[in-house]
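Everything in the sequence shown is counted per our numbering, starting at 14 for the first residue and increasing by one. Note that the Cβ used here is the ideal one computed from N, Cα and C, for glycine as well.
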Amino acid sequence: MKFSKEFLSHPATASSIVPSSKILSSRITNMANLKDAEVVFEFGCGSGALTRDIVSNLSDGVVFIAFDANSTFTEIVKRKYPGVIVINGSAENVEKYMKQYSIDNVDVIISSLPWAAFSHAAQSRLLRIIYRILNSGGSFLTYIYLHTFVFPGQSRFRKILNRKFETINISNAVWANLFPADITKCTR
Ligand SMILES: C[S@@+](CC[C@H](N)C(=O)[O-])C[C@H]1O[C@@H](n2cnc3c(N)ncnc32)[C@H](O)[C@@H]1O
């Protein structure tokens, strides 16, 4: 309910009317191979639909930080997962928070950010930052709604990923999600 209300107030950034399904969430965490990670970030945690699966797949001692630009969502995630560091801020400022927590590099970034809605400049800027903070061999995962293929922002985003990352794997479509999506895993 809260999620739909936030969608109506911020449709471009929230980008979906309901949280991701359990199936999408477990597919993305399986692809992320979290058991070997030491530092994991989630960008765009929303009300915590993926956070639950991420937290339950982390090994002991892993540093995990969830980010969202919307404070209504970060308050919800803080309440649901009291042990998790939750930051209310844009993913674009991630390096500022890394300094604050003395983190040099990240092993896995799981993103729900609405890439197709971002400008070309915003996509490029954020992907440059993501590439810079990832460890060599680290991975960046994002789901992309299939219907957004009609938006120029989506093909632009995929082109930048292809240019930037050494290896890219795309899952089969996850139909049991509103909206159906595929998952792209980029490895540095
Ligand atoms: C589609 S929702 C995903 C929520 C949740 N992870 C899920 O899968 O149900 C996208 C989220 O990205 C957040 N967001 C959008 N732009 C952002 C940015 N630049 N930095 C951090 N969060 C952002 C929105 O506030 C929203 O909660």
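Residue i, buried or exposed, once every other Cβ within 10 Å from all chains shown has been counted against 16
| i | result |
| --- | --- |
| asparagine 190 | buried |
| threonine 180 | exposed |
| aspartate 66 | buried |
| serine 60 | buried |
| tyrosine 158 | buried |
| serine 132 | exposed |
| alanine 186 | exposed |
| lysine 112 | exposed |
C-beta contact flag for residue i and residue j at 9 Å
| i | j | result |
| --- | --- | --- |
| phenylalanine 162 | phenylalanine 178 | no |
| phenylalanine 170 | alanine 129 | yes |
| valine 90 | phenylalanine 54 | no |
| serine 124 | threonine 85 | no |
| alanine 228 | valine 121 | Nothing can be reported for residue 228: it is not among the residues displayed for the chain, which extend from 14 to 201. |
| serine 34 | alanine 62 | yes |
| lysine 48 | asparagine 70 | yes |
| valine 68 | tyrosine 94 | yes |
Paired residues, beta bridge with residue i - DSSP
| i | result |
| --- | --- |
| phenylalanine 54 | Ile78 and Ile122 |
| alanine 194 | Tyr158 and Val187 |
| threonine 180 | Thr200 |
Contact with chain C by residue i, beta-carbon distance below 9 Å
| i | result |
| --- | --- |
| phenylalanine 56 | Here there is only one protein chain, and chain C is not present. |
* **In chain order, each alpha helix (DSSP H) run of at least 4 residues that lies wholly inside the segment 96-127** => You should have 107-113.
* To do: May I have a chain-ordered list of the beta strand (DSSP E) segments no shorter than 3 residues that lie completely inside the segment 132-165?
  => 147-158
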